[in-house]
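Enquirer: Please see the structure below; I have some questions.
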């Protein structure tokens, strides 16, 4: 593929609700642009963009994929993103690399939560939005109902451009409202001009929708609209074009990806309507922390962002890069701003799905890939040392669904850990840590399916078998009253014996571990043995008397004891301290502590009551509510026991249909209710 200037490049992210046909729309574009020799189908597992083995097996997009096409002297980089909420990280990657978002909507199902999320993601990134209503040839499709749904959800900025004329339940004729021309499609996607069909009163409504949208683009046009004056064709075209670029207009197209109907008309419109790669600059940060504007300039110093990484055990690591300025290649020095180290680029690739083609460089505004950049991660800025700048990275959603992961074969823990870290290079929305208290490897994802795919990937890619289970809760134990107790260790055998005798007062205190003091008088216990007593206690408190959890909040004061001039040793006093601990804890009113975390749930107004009720069911305390940053959403602040949060991610997804989200962080330990403590203690005793 030849190199294109930024003024002839479109970077378009396809997003929308799961099952709306994003990948199918992209496949139709690839086929019509002759970038693919067949029209791939998701159900057949032969699409260009769903090429991963897991995607083919499940029949859905699981990760972002890139494929460029050439259409009317314009390079269009198609960035297909997943629709399932569990793989929302892919949407963040696609939007970061795009200059406009193609939001695909099902002609049958209409606006879904995924549609709303795609629009919000595009608005957050500040890029243009274009709607495509797909599948209008389906006998159950209802284009005009979907269009009204779009207008009621997203407001007057929704502007119709191409609409279908449905006759006898078939959508074979499509009307371009800007050109005021009609085209008929027949089998094989053959298109011929035809007479304008009679749209009746509907035509006036569609024209009014266009006027409404155009009026939003300037004060002058708004005044004209309010005074009832007609817009000229030039004003409409100019207004829509400008409105799309500044985000005040969202044009609506339609067609059917399975038979390529109206896809060519859509591509023709994208070329003049969608903002080109040179239309928006970026603001980065220089080494001093000062903002720097980076314009899309082919002759400028090189700067680009790594927006996606693919890690394959056979092919190696592949870093997808969007160049913002200059040319990124092996011909000029490039550094990674995160590490400060130079980056060695051996080759540059143009990638179409899994197919790779050598390229000379990645030019300003374009997208390409670089293999074998081992010290480069998603979100890193690659730039020329002549102008050091850090660009915004990829903002991934917070992973809150936690599960413990363990190998099926004992002893393969390291293999599991390494495989998970490899998958994390591809999907940074997954988090992993080793819990040293519960001796478990814990992974965080965006939902059940997200972690299920993780387990499948480490099996298929790295041949490591693993299973998921509910993670253990790291409880603590403490005491509520003081007690004085003796610990005496005496053992006689041939030669030297062992003798250690201590009196220790245990009492509650405010500490995260053990607070050790001594008040021995008269040398009852020599000073040289104090460290041994403390060491014995510190080792002993790692296992509490109730359920074997570590003890906290204990003060131990060594106030008396005795020793033998020959038989006493550090080991003897260490053992004596452990005996004192064991004897004293049952008399000090031991109690179980459970971890408490702060919950911050962002949910729609309509779901407030359900979520607060669920928090109460989970033994939580609602601390307050406040308006969220986006309209119609509220933030619920609460404190909830960690033990009650294992399936909260599933609940909030179902309750809010995917609109809600939450963060949860540990804050402190509190007394565990008696009924809960009994159950935890009983389970701990069974495990032993």
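Numbering (this note's numbering), first residue to last: 327 to 1014.
Glycine included, each C-beta is placed from N, C-alpha and C at the ideal position.
Given the structure is predicted, the values throughout are model-derived calculations rather than measurements.
Which residue marks the beginning of the alpha helix (DSSP H) containing residue 527, and which one marks its end?
Expert: Here the alpha helix (DSSP H) through residue 527 covers 527–541.
Enquirer: On the DSSP letters alone, give me the boundaries of the beta strand (DSSP E) that residue 945 sits inside.
Expert: From DSSP, residue 945 is part of no beta strand (DSSP E); its letter is neither H nor E.
Enquirer: Please report the residue range of the beta strand (DSSP E) in which residue 355 lies.
Expert: Looking at the DSSP string, residue 355 is not in any beta strand (DSSP E); the run it does join, the alpha helix (DSSP H), is 348–358.
Enquirer: Go to residue 496, then tell me how far its beta strand (DSSP E) extends in each direction, as first and last residue.
Expert: Segment 496–502, the beta strand (DSSP E) holding residue 496.
Enquirer: I think residue 970 touches residue 946, with their Cβ atoms under 8 Å apart; what is that distance to the nearest whole Å?
Expert: About 7 Å; that satisfies the 8 Å criterion.
Enquirer: Whose CA, out of 654, 400, 768, lies closest to the CA of residue 709?
Expert: The candidate whose alpha carbon is nearest that of residue 709 is 654.
Enquirer: Assuming the contact rule is C-beta atoms closer than 8 Å, residue 752 and residue 635 should be a hit. Round their C-beta distance to whole Å, please.
Expert: The pair is a contact, with the Cβ atoms about 6 Å apart (cut-off 8 Å).
Enquirer: Using 8 Å as the Cβ pair cut-off and three pairs as the minimum, do the region 473–492 and the region 604–623 touch?
Expert: Segments in contact, no.
Enquirer: Would you mind reading off the limits of the beta strand (DSSP E) that contains residue 815?
Expert: That run of the beta strand (DSSP E) goes 809–817.
Enquirer: Could you tell me how far apart the beta carbons of residue 763 and residue 797 are, in whole angstroms, since I believe they sit closer than 8 Å?
Expert: About 11 Å; that fails the 8 Å criterion.
Enquirer: Residue 727 bridges to which residues according to DSSP?
Expert: In the DSSP output, where bridge partners are listed per residue, residue 727 has 771.
Enquirer: Among 447, 835, 469, 578, whose alpha-carbon lies nearest the alpha-carbon of residue 481?
Expert: When each option's Cα is compared against that of residue 481, the closest is 578.
Enquirer: So residue 423 packs on residue 334, CB below 8 Å; how close in whole Å?
Expert: About 17 Å; that fails the 8 Å criterion.
Enquirer: Evaluate residue 988 with the Cβ neighbour count: other Cβ atoms within 10 Å of its Cβ, from every protein chain shown; 16 or more gives buried, anything less gives exposed.
Expert: With 16 or more Cβ atoms within 10 Å of its Cβ, residue 988 is classed as buried.
Enquirer: Assuming contact is defined by CB atoms lying nearer than 8 Å, are residue 768 and residue 728 in contact in what I supplied?
Expert: Yes.
Enquirer: Using 10 angstroms around the beta-carbon of residue 471, count the other beta-carbons present and answer buried if the total reaches 16, otherwise exposed.
Expert: Exposed is the call here.
Enquirer: Do you know how far the Cα of residue 581 is from the Cα of residue 587?
Expert: In a straight line, the C-alpha of residue 587 is about 5 Å away from that of residue 581.
Enquirer: Around the Cβ of residue 512, are there at least 16 other Cβ atoms within 10 angstroms (buried) or fewer (exposed)?
Expert: When all chains shown are included, residue 512 counts as exposed.
Enquirer: Quick check on this structure: which residue in 575, 366, 677, 996 has the alpha carbon closest to the alpha carbon of residue 457?
Expert: Of the listed residues, the one whose Cα sits closest to residue 457 is 575.
Enquirer: Residue ranges of each beta strand (DSSP E) run of no fewer than 3 residues wholly in the region 732–793, ordered along the chain?
Expert: Listed in chain order, the complete beta strand (DSSP E) runs (minimum 3 residues) inside the region 732–793 are 757–761, 766–771.
Enquirer: Per DSSP, what kind of secondary structure is residue 600 in: helix, strand or coil?
Expert: Residue state, collapsed to three classes: coil.
Enquirer: Run through DSSP, which three-state label would residue 451 get?
Expert: Residue 451 falls in the helix class under three-state DSSP.
Enquirer: Would residue 1015 pass as a contact of residue 559 if the rule is Cβ separation under 8 Å?
Expert: This structure cannot settle anything about residue 1015, because the visible part of the chain is limited to 327 through 1014.
Enquirer: Please state whether the Cβ-Cβ distance between residue 431 and residue 342 is less than 8 Å.
Expert: Taking 8 Å as the Cβ cut-off, residue 431 and residue 342 qualify as a contacting pair.
Enquirer: What residues match up with residue 491 in a beta bridge as DSSP calls it?
Expert: Residue 491 pairs with 499.
Enquirer: Would you call the CB atoms of residue 756 and residue 815 closer than 8 Å?
Expert: No, they are not a contact pair.
Enquirer: Three Cβ pairs or more, each shorter than 8 Å: is that satisfied between the region 857–868 and the region 907–917?
Expert: Because the criterion of three Cβ pairs below 8 Å is met, the region 857–868 and the region 907–917 touch.
Enquirer: So, does the region 521–528 touch the region 540–552, judging by three or more C-beta pairs under 8 Å?
Expert: No: the two stretches stay apart, fewer than three of their Cβ pairs being nearer than 8 Å.
Enquirer: Residue 890 to residue 826, Cα distance in whole Å?
Expert: Approximately 8 Å between the Cα atoms of the pair.
Enquirer: Taking a contact to mean a Cβ-Cβ separation below 8 Å, would you say residue 990 touches residue 925 in this structure?
Expert: In this structure, residue 925 lies closer than 8 Å to residue 990 by Cβ.
Enquirer: Just to check my reading of the structure: residue 930 and residue 959 have Cβ atoms closer than 8 Å, yes? What is that Cβ distance to the nearest angstrom?
Expert: Indeed, because the Cβ distance is near 6 Å, the residues count as touching under 8 Å.
Enquirer: Tell me, which residues are paired with residue 883 by DSSP?
Expert: Note: residue 883 sits in a beta bridge opposite 831, 843.
Enquirer: Taking the alpha-carbon of residue 835 as reference, which of 590, 758, 803 has the nearest alpha-carbon?
Expert: Looking at the Cα atoms, 803 is the closest of the given residues.
Enquirer: Decide yes or no for the touch test of the region 772–783 against the region 431–441: beta carbon pairs closer than 8 Å, at least 3 of them.
Expert: These segments do not touch.
Enquirer: Could you pull the start and end residues of the beta strand (DSSP E) that residue 922 belongs to?
Expert: From DSSP, the beta strand (DSSP E) with residue 922 extends over 916–930.
Enquirer: Starting from the Cα of residue 886, find the closest Cα among 811, 833, 331 and give me that residue.
Expert: Among 811, 833, 331, the Cα nearest to that of residue 886 is on 811.
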